[in-house]
Structures are given as C-alpha cells and as structure tokens.
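Asker: Respectively, the protein sequence lines represent chains A and B.
So the first sequence is numbered by the numbering used here: it starts at 1 and just counts up by one.
So the second sequence is numbered by the numbering used here: it starts at 1001 and just counts up by one.
Using N, Cα and C, we set each Cβ at its ideal position, and we do this for glycine too.
There are 2 protein chains.
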Amino acid sequence: MISVEEAYNEVLSKTIKLNTNSISISEASGRILAEDIHADQDFPPFNRVMMDGIALDHKLLEQSVIPVQGMQTAGSPQQDVPDGHCMEVMTGAILPRGTDVVVPYEEVNITGDQATISSPENYPPLKNIHLRGTDRKKGDLLIPRGRRVSPAEIAVLATVGKSTVSVMQLNAAIVSTGDELVDIDKVPHPYQVRKSNSHMLAALISQSGYQATLYHIEDDLETTTRKLGEILENHPVVILSGGVSRGKKDFVPDALDALGVNRLFHRVAQRPGKPFWFGERYSKNTVFALPGNPVSTFLCFHRYIKPWLKSCGGEKVTTHTAILGEDFHFAPSLTYFLQVRTVDDQGNRIAFPVAGKGSGDLANLLDADGFIEIPPGRDEFEKGQVFEYLPFR
Amino acid sequence: MISVEEAYNEVLSKTIKLNTNSISISEASGRILAEDIHADQDFPPFNRVMMDGIALDHKLLEQSVIPVQGMQTAGSPQQDVPDGHCMEVMTGAILPRGTDVVVPYEEVNITGDQATISSPENYPPLKNIHLRGTDRKKGDLLIPRGRRVSPAEIAVLATVGKSTVSVMQLNAAIVSTGDELVDIDKVPHPYQVRKSNSHMLAALISQSGYQATLYHIEDDLETTTRKLGEILENHPVVILSGGVSRGKKDFVPDALDALGVNRLFHRVAQRPGKPFWFGERYSKNTVFALPGNPVSTFLCFHRYIKPWLKSCGGEKVTTHTAILGEDFHFAPSLTYFLQVRTVDDQGNRIAFPVAGKGSGDLANLLDADGFIEIPPGRDEFEKGQVFEYLPFR
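1. Using three-state DSSP, classify A:Val343 as helix, strand or coil.
2. Could you have a look at A:Tyr215 and say whether DSSP puts it in helix, strand or coil?
3. If we cut at 8 Å on Cβ distances, does A:Tyr105 have a partner in chain B?
4. If we ignore side chains and look at the alpha-carbon of each, how far apart do A:Gln72 and B:Asp1250 end up?
5. A:Pro124 to A:His58, Cα distance in whole Å?
6. Check whether the region 1044-1053 of chain B touches the region 1093-1109 of chain B, counting contact only when three or more Cβ pairs, one atom from each stretch, lie closer than 8 Å.
7. Strictly under 8 Å for the Cβ-Cβ distance: is B:Gly1410 near chain A by that measure?
8. Going residue by residue through the region 13-60 of chain A, where are the continuous beta strand (DSSP E) segments of at least 3 residues, counting only ones entirely within it?
9. Run through the DSSP bridge pairs and tell me what A:Pro67 is partnered with.
10. So which residues on chain B does A:Pro246 lean against when the C-beta distance must stay under 7 Å?
11. Leaving out the 5 sequence neighbours to the left and right, which residues in its chain are closer than 7 Å to B:Phe1265 when beta-carbon positions are compared?
12. With a threshold of 6 Å on Cβ separation, who are the neighbours of A:Gly325 within its own chain once the five nearest residues in sequence on each side are excluded?
13. I want to know whether the region 1193-1208 of chain B touches the region 149-160 of chain A - three or more CB-CB distances under 8 Å.
14. Cβ atoms of A:Gly314 and A:Gly146: under 8 Å apart, would you say?
15. Using a 10 Å radius around the Cβ and a threshold of 16 neighbouring Cβ atoms, would you call A:Pro236 buried or exposed?
16. Does any CB atom of chain B fall closer than 8 Å to the CB of A:Phe43?
17. Cβ of B:Ser1163 within 8 Å of Cβ of A:Ile231?
18. Please state whether DSSP places B:Leu1290 in a helix, a strand or coil.
19. Can you give me the Cβ contacts of B:Gly1229 inside the same chain, cut-off strictly under 7 Å, excluding the 5 residues immediately before and after it?
20. Is there at least one Cβ from chain A nearer than 8 Å to B:Arg1393's Cβ?
21. Answer yes if the region 1130-1150 of chain B comes into contact with the region 1033-1048 of chain B, meaning at least three C-beta pairs across the two stretches below 8 Å, and no otherwise.
22. Return the chain-ordered ranges of every alpha helix (DSSP H) run that is complete within the region 1201-1286 of chain B and spans a minimum of 4 residues.
23. Skipping 5 residues on each side, what residues in its chain have a beta carbon closer than 7 Å to that of B:Asn1262?
24. Short of 7 Å Cβ to Cβ, which residues in the region 1119-1147 of chain B face chain A?
25. What residue does the alpha helix (DSSP H) around A:Leu309 start on, and which one ends it?
26. For the structure I just gave you, are there three or more beta carbon pairs, one from the region 1062-1078 of chain B and one from the region 1016-1033 of chain B, closer than 8 Å?
27. Exposed or buried, B:Thr1286, counting other C-beta atoms within 10 Å across all chains shown (16 or more means buried)?
28. So with CB distances below 9 Å, who are the chain A contacts of B:Gln1207?
29. So, with DSSP's three-state summary, where would you put B:Pro1120?
30. Just verifying my parser: in three-state terms, what is the DSSP assignment at B:Ile1154?
31. Assign B:Asn1019 to one of two classes, buried (16 or more other C-beta atoms within 10 Å of its C-beta) or exposed (fewer than that).
32. Measure the alpha-carbon distance for B:Gly1398 versus A:Ile37 and round it to whole angstroms.
33. Report the residue from A:Lys14, A:Asp179 and A:Gly75 whose alpha carbon sits nearest the alpha carbon of B:His1189.
34. Please name the residues in the region 1261-1292 of chain B whose beta-carbon is closer than 8 Å to at least one beta-carbon of chain A, in chain order.
35. Kindly indicate the opening and closing residues of the beta strand (DSSP E) around B:Met1168.
36. By the three-class DSSP mapping on this structure, what secondary structure does A:Thr159 have?
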C-alpha cells in the first residue's frame, strides 16, 4: 500500500499527449485551448475616443471660443478636422486627424457651432484618448495554450477573430462494474441499486473539458476481459468503478493483468478509496480503476484524475487550503479525506466537517463543497489548523 | 446617480418567475433544478454488506470453527443462511437472512468449508453492515429546487432514477449596439472592432445555466426602436451592451422609453460601468442596458445580473471576501471594482491588484480572477483590509 503523495506523484508522472480538434467559439466555453492566441492587431487597433464630447488640437484650448465642424461617430472612417476647428466625437470612434485631446460634453458649452470649454487647464494632450497599441501590440501572446476557456477568454477570442478555435480532445471510457447495478430508468429489485457512478464520472469529465463514453460490464472474468479488451482498443483513457477489492467477484485487476495493462499501484493508504488501482499499457492506455462506492469514486477523481487531466491538457495544477473550523479526531494511520462545508469569513476559508454515515453516503456530498486532507501520523486535528482543501463545487 | 448598493437592491427586487422544462440527466450539469428531489426508497435500500468476507449470526462468534455454506454476491436475491452456518458475502450484496455481522476475509481463515475467526471480540452485531435507511429515508428531501446541478447532484439524481429532470428555463436576448462593430469572422477596417461583448455575455449566461439568442442593432433611433420592440416581444429578459451613454448616437434609453420600458435607474456611482441602465415593462420585460466597453459589461454582469439570475432561479446568492495584498489609492467618490489576482495563503484569500490600462482593457481580465469592491468615501485602502470579492473564474 502506498501513500497518497506517492500515488499522486505516480499518476502525475504518466501524463499523455492529447489530440486536438477545431470547434466553434460558441462551443468553446469550459474547453482547454490547444493553441496560443496572439493579438491579430494592436489593442486598441486605433486611437480610440473614450468619452462623448469634442476632439481638438490641444493648442486651441487657449482660445475662449472654438468653431465646431462635423462629427466623428463610432464605426465611421477617420475624418480630417479643418485647421482651427474642433469636431464632435463619440465614444468608440477613431480620433479624427488633426486632434490630440477629447473634452467631454459635460465640460463644453456648445452654442450653434461655437464651443466654449469650462476648464481648459484640465485637458493635457492625449486626455480621454485610448492610444493605439497601449494595451497589447499586434503579435503579443494573449492566451497561452492549456488555458481553460472562461467568458473572459471568449471575449478575447472574439476580439481577435477566432470564430473557431483548437481545443484539447479526449474521449475517455467510463466503465461501471457490479451485478447489483441497474439502469437509471429501471426500478431496482430490493437487492439492486441504480448506476450512479458512471453518470457522475461523465459529469466530472465534462466539467474538466472532455468527453466520455459509458460502458457497463458484468461480474464475470471472461466477460470482463473480453469487453475491457475492446474498450482499451478504442479509448486511450479508461476509468473503471468497482471490482477492485478483494471480493470473489472482483475481476478487474485480473482482467487488466491478462490484457497486458501494467499495474503501477493497487491500494492507497487513504479513506475513502483504499482499493484504487492504477496502471498503463505500452503507452497506449492509462487505466484508473476506482473503488465502486460513490464517495470513493468521487474523491479519487478529484484527488488524482482531475489534476492528471489538467496536466495532460497543459493547464496549471493548483492547490487550495482551508482552516479547520472545529476539532477533529481520526485515529487510523491513513490519509483521511473529510467532507466539509466551507464558510468565507473575512477572507479566510473556514472548513466545517459534514457529519457522514461512512464512505458510501452519497447524499452527504450534497451538503459539502469539498474535502480537506487529514494527513496520517497523528490522531488529533485542531480548530485553526490549515489543511489542503479539494473543492468540488 | 445611485449607489452600487441601491442599484443592486433595485435589481434584486425585480426577480421574475422562470419557466421550466424537462431535460435528460446527461444535459443537466450546470442547470438549475426546478423540482424538489426526494428519495424514492431508503438510502441504502437494503442492509448492505460493506466488506468482502463472511456474514453470520453474532452468536456463532463464540464457536472456534463455523461451517461455511454458499455465497451472497452483489446483485443477487437475498438468501437464507442455514442455522449454525455462515455465508461468504461480497461488498454491495444484500445481507443474507439469518445473519447480523460481517467479518472481512483478512480476519477469517477458511479451510475447505470451515471458517475460523481470528479476533471474534472485534465483531459486535451490525459491524460492517450499512443498515437500510440509515443515510436517508424514503421520501426524504434530498435536493431542493433552485440547486445548481453539479456532479454530486448527478449521482443522486441517477440513484433515485431521475433519467429526466425539470430545470429552470430562460432564453435571454443579448443585443449588441454600435456601428463600429463587425462580426468575428470579418477583418475589421482600421476604425472598426469585432463584436466581443455579445459572445462574452452568451458565455456568461450559459455559465449561469441559461440560454441566450444574439442580436445586433445599428446606431439609429428608428431602427433601434423597431428592432428592440420585436426583441422585447419574444424575450422576457433583454441584455443590451452599448448605446447608453450621452453620445449623439446613444439611442438605447430613448428607444426603451418609446417602447414603454420603465426606467428604474440610469447611471450608477461606480467604475467601470457608470452608464448602466435598468428598467422593466408591465412585468413583461426586464431590461439590463449595459455600457459598451467590455470590462464594464463584464463587471455589470457579475455584480448585478448574475445574482439576479440566481435569485430568479431560487439559488442562494452568496458573497465572498478577500484580503487586499498591497496598499491601493483611489480618489474619485465612486465604488471602484479593482481587477485582482488572488492567492490562497494558509486558508486566506489574498487579492493583488492587476495593473490595467483603464476600463476598456479587456485583455487584462485574462490575468485576473475577480474584482474586489473598493467603497467610496475614502482614498486610501491598506494592505490587510478585507473587501467584497467578485470571483469570475
């Protein structure tokens, strides 16, 4: 049995190269960019008027009255301002030629075609002008590959004209095992339960920016080996749930062994999720075989698979911390992942344990927003101490 | 001009009732539940074996050797254990009749059909049995309506057999204005820019669990009034960007007025986003007219529209705080939304200002993860002070 840290390092050392595909910007939210995004032109692309008002050469500010001629609206080609005149300008317009300052309407009195400026001393050259290229230069790297696309990235992609964009692609296989499982649209017998892990894992994979295909395998060694063999041919990444404990119907490790998937570890000193199995085959497959109970599956995804997917996609793998909100006792020499609800208190993240009924209590996750990671080696954990925090909302 | 707090309260006082629709569980992630979800049976639905091993009546523990007969596997109907015998059981199986304790294989020596238990005193009745109904009872409320569906909710929905689920529905109109805007697949002239706000807003609406249809209107009063009239007929919620300042091409407020949309406020004492306009029509439409510059649009969405959508959907509206990481100076008597990058330091969220080039610097958002809200009324803000934090990643 290896430690959580060893298991994590082993998983993260086995990242794979992902394929990419090109999709519409309208589908790109939540996906991982597979290309660097550069500025296709200067930001802003022209000297841009920042206020509605008048534009003029600052030398005219000395005059008490300035003749007004014409209007430069947003979206119209750049105009010339005749010598000695000013021009009305609208926010978003290109600055007219022959001007270098903008005075907002609030500070101008326009009577007929004559403008009077109340406090000309407030308008040094370039005031209220967003100069071409001051934010970013044409060719600048704006978004590096490996970045998750959020609405801010969408705005920048639109600005540089990326109506389609290249994103990381992965179609993982999610395989549930267990003869007690029935489909979610069926009414289970009194000794059965509905499949929940596979739907949950599909949602988690989707949240990570990827896709998954669902499979189910019955508890039988021959069937498990045959079906798993087919799945491994079609999916570089396979995530199983169930069938990895010591029961007489737990055929997953034997089937994977028979298929030439090299076991990298089996069993991690953690609760929940101790029977977690991890392996790979000839650089062709990466296989995560998770324990079947839903909270174990959920925890193993967040602690291992999520950072692995981030690392494969070139995303930064970030960690979080939280402050324990009440004393906690845990004696076994295992890393314990405690379900917590966090409270934001004056910039501090305080984590309160959510009392659960054991690792199988799925409904408990509904009241929690994350796990804190309680290390092995001591029994008492005190209010105010800081621990790693794994958010899941 | 009203304060941020006043504007927020006005917006939140105008929540609307949303429609609902039924969708597949595979589409439900990120949507807002429109129905309460109850347990369709006890959790767990039967006395569930928690370890692979043997099940027996605890009274047999006094015997040095116990005869083994049969096996109860997961997914098979409940069996009877003959008097004086134990039975092999697998994790996830229903507990066989006539037994009340499970001893894991690690603690049993089985030779032929005879079992010897190493430390029988460790097995009080009910050990390693997850008793029916101990997590939740049939009929218990598991997930209240108004909850955003995350992977944990997906698992519970699957468990209770909700292959389809009712969610809140809203198809908002997003309307960009501004003659300087061109479509994202076009190459702009030197005085034009591509539409970015409408795509960003669509991504934000989608992130909130809803849908949007995009429109664009030219800078002309007659056209704005006519097109906006049609849009208002088809969308209860309309979000505009641009055309709300004091420019001579800013026709949005006049058009809304002509269409009978009642202005509730125009202009908020904030930076960015001062020209923000908000109104409603005969309880038929709610209209958010946001300033056109991208950072203003983005801020107004997060500060006003996002909590409004949450409130309409019955979600909890939560607030966050962060600790300023360095001194900051801001003199104007406005609420200032400062772009920050936060760092997680020992359970504390520390916010560092991201130097920007003004409210139009869209690319700056790429380096930030949120805004902190700097209140009006003083000029100096010190490292270590706590402020409201609006996360956007």
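Answerer: According to the structure data:
1. In the three-state reduction of the DSSP assignment, A:Val343 falls in the strand class, which pools E and B.
2. Residue state, collapsed to three classes: strand.
3. Using a CB distance cut-off of 8 Å, A:Tyr105 counts as an interface residue toward chain B.
4. Near 14 Å, if we compare the C-alpha coordinates of B:Asp1250 and A:Gln72.
5. Roughly 7 Å separates the two Cα atoms.
6. Contact between the region 1044-1053 of chain B and the region 1093-1109 of chain B is present: 3 or more CB-CB pairs across the two stretches fall below 8 Å.
7. Given a span of 1001 to 1393 for chain B in the structure shown, any question on residue 1410 of chain B remains unanswerable.
8. The qualifying runs are 19-24 and 53-56.
9. In DSSP, A:Pro67 forms a bridge with A:Gln114.
10. This sequence places Arg at residue 246 of chain A; Pro is not what is there. The contacting residues are Asp1052 and Tyr1105.
11. So the qualifying residues of the chain are Ile1002, Ala1007, Glu1010 and Phe1278.
12. Cβ neighbours of A:Gly325 within its own chain (closer than 6 Å, five residues either side excluded): Ile350, Ala351 and Phe352.
13. Yes, the region 1193-1208 of chain B is in contact with the region 149-160 of chain A.
14. Taking 8 Å as the Cβ cut-off, A:Gly146 and A:Gly314 qualify as a contacting pair.
15. A:Pro236 comes out buried.
16. Chain B places a beta carbon closer than 8 Å to that of A:Phe43, counting this residue as a contact.
17. Taking 8 Å as the Cβ cut-off, B:Ser1163 and A:Ile231 do not qualify as a contacting pair.
18. Correct three-state label for B:Leu1290: strand.
19. Spatial neighbours of B:Gly1229 in its own chain (CB-CB distance under 7 Å, excluding positions within 5 residues in sequence) are listed in chain order as Leu1259.
20. True, the Cβ-Cβ gap to chain A drops below 8 Å.
21. Because the criterion of three Cβ pairs below 8 Å is met, the region 1033-1048 of chain B and the region 1130-1150 of chain B touch.
22. Listed in chain order, they are 1221-1234 and 1252-1258.
23. Excluding residues up to 5 positions away in sequence, Gly1279, Glu1280 and Arg1281 lie with their Cβ nearer than 7 Å to the Cβ of B:Asn1262 in the same chain.
24. Listed by position, the residues of the region 1119-1147 of chain B near chain A (Cβ gap below 7 Å) are His1130, Thr1134, Asp1135, Arg1136, Leu1142 and Ile1143.
25. Membership of A:Leu309 in the alpha helix (DSSP H) is indicated by the continuous run Lys306 to Gly313.
26. No, the region 1062-1078 of chain B is not in contact with the region 1016-1033 of chain B.
27. When all chains shown are included, B:Thr1286 counts as buried.
28. Under the 9 Å cutoff, chain A gives Ser29, Gly30, Ser150 and Pro151.
29. Here B:Pro1120 sits in helix by DSSP.
30. In the structure shown, B:Ile1154 sits in a helix (DSSP, three-state: H, G or I).
31. Around the CB of B:Asn1019, fewer than 16 other CB atoms lie within 10 Å, so the residue is classed as exposed.
32. Here chain B covers residues 1001 to 1393 and nothing more, so residue 1398 of chain B does not appear.
33. Comparing Cα positions, the closest option is A:Gly75.
34. Look at the region 1261-1292 of chain B: the residues with a C-beta under 8 Å from a C-beta of chain A are Gly1292.
35. Per DSSP, the continuous beta strand (DSSP E) segment holding B:Met1168 begins and ends at Thr1164 to Gln1169.
36. If DSSP states are grouped into helix, strand and coil, A:Thr159 belongs with the helices.
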